[in-house]
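Peer 1: Below is a structure I'd like to ask you about.
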Amino acid sequence: RKEVEQDPGPFNVPEGATVAFNCTYSNSASQSFFWYRQDCRKEPKLLMSVYSSGNEDGRFTAQLNRASQYISLLIRDSKLSDSATYLCVVNPEGNTGNQFYFGTGTSLTVIP
Amino acid sequence: EAGVTQSPTHLIKTRGQQATLRCSPISGHTSVYWYQQPLGLGLQFLLWYDEGEERNRGNFPPRFSGRQFPNYSSELNVNALELEDSALYLCASSRSNRGRNSPLHFGNGTRLTVT
Numbered sequence: 243r244k245e246v247e248q249d250p251g252p253f254n255v256p257e258g259a260t261v262a263f264n265c266t267y268s269n270s271a272s273q274s275f276f277w278y279r280q281d282c283r284k285e286p287k288l289l290m291s292v293y294s295s296g297n298e299d300g301r302f303t304a305q306l307n308r309a310s311q312y313i314s315l316l317i318r319d320s321k322l323s324d325s326a327t328y329l330c331v332v333n334p335e336g337n338t339g340n341q342f343y344f345g346t347g348t349s350l351t352v353i354p
Numbered sequence: 111e112a113g114v115t116q117s118p119t120h121l122i123k124t125r126g127q128q129a130t131l132r133c134s135p136i137s138g139h140t141s142v143y144w145y146q147q148p149l150g151l152g153l154q155f156l157l158w159y160d161e162g163e164e165r166n167r168g169n170f171p172p173r174f175s176g177r178q179f180p181n182y183s184s185e186l187n188v189n190a191l192e193l194e195d196s197a198l199y200l201c202a203s204s205r206s207n208r209g210r211n212s213p214l215h216f217g218n219g220t221r222l223t224v225t
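Residue numbers (this note's numbering), protein chains in the order written: chain A, 243 to 354; chain B, 111 to 225.
Encoded structure:
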């Protein structure tokens, strides 16, 4: 089983729509979770860190569900500029230390 | 605060040659990670350095190697280049800690083309 799994999409949504992505992780002891955004042929950029029960930053809300071992990203009022690939990243703790596990990414296209 | 810097931006090599890619982490970050991303595919973990030592490596052949210098900058070497080594090579840095982890911060990447 993969450490992190994401629905690859693609998600095609109209401007102004609300869209949600889910990501599941296999290590129940995982403590740190992040969402990154990657534009085509560019480097991933940190979108949000996900803490305890979740957090919000403007139109973006990240949620963590430890019982079901998933994190989600909700984007409200989608903009054309939100079109990108969204990567879920999990960092389990333990003897392996600072290892990060990436999902394969979910592709989003916001349509005018 | 200066971000993660990588050089060169682009690198064109022929099959069988050797490539050297460089990375400078954010000031204060001691962990450096290398990832390979072929066009249209996901990130594949290559190497992780922390405090000058290799801590982990991904499922890549030994011709992929690297090192971390005392100033925490890092170098990735790829020997005997093959066509399938063509990819975007991304370097990322983070703070080294044994508790709550800090996120990764990526450089702009080096695009390696092997012909």
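For each residue, glycine too, the CB sits at the ideal point set by N, CA and C. None of these values were measured; they are calculated from a predicted model.
Under 8 angstroms, Cβ to Cβ, is there at least one residue of chain A near B/PRO171?
Peer 2: no
Peer 1: What does A/SER315 reach in chain B if we use C-beta pairs closer than 8 angstroms?
Peer 2: Checking the displayed sequence, the identity of residue 315 of chain A turns out to be Leu instead of Ser. For A/LEU315, there are no C-beta contacts with chain B under 8 angstroms, since the nearest C-beta of that chain is about 15 angstroms from it.
Peer 1: With DSSP collapsed to three states, give me the class of A/PHE322.
Peer 2: In the sequence under discussion, the amino acid at residue 322 of chain A is Leu, which differs from the Phe named in the question. Correct three-state label for A/LEU322: helix.
Peer 1: Residues of chain A with CB under 9 angstroms from B/GLY217, in chain order?
Peer 2: Under the 9 angstroms cutoff, chain A gives GLU285.
Peer 1: Helix, strand or coil: which one does DSSP assign to A/LEU306?
Peer 2: strand
Peer 1: Just mark A/CYS282 as buried or exposed, buried being the case when its beta carbon has 16 or more other beta carbons within 10 Å.
Peer 2: So A/CYS282 counts as exposed.
Peer 1: Could one say the Cβ of A/THR346 lies closer than 8 angstroms to chain B's Cβ atoms, at least one of them?
Peer 2: yes
Peer 1: So B/GLY138 contacts chain E; which residues on that side make the cut at Cβ distance below 7 angstroms?
Peer 2: This model lacks chain E altogether, as its protein chains are A and B.
Peer 1: According to DSSP, simplified to helix, strand and coil, what is B/LEU191?
Peer 2: coil
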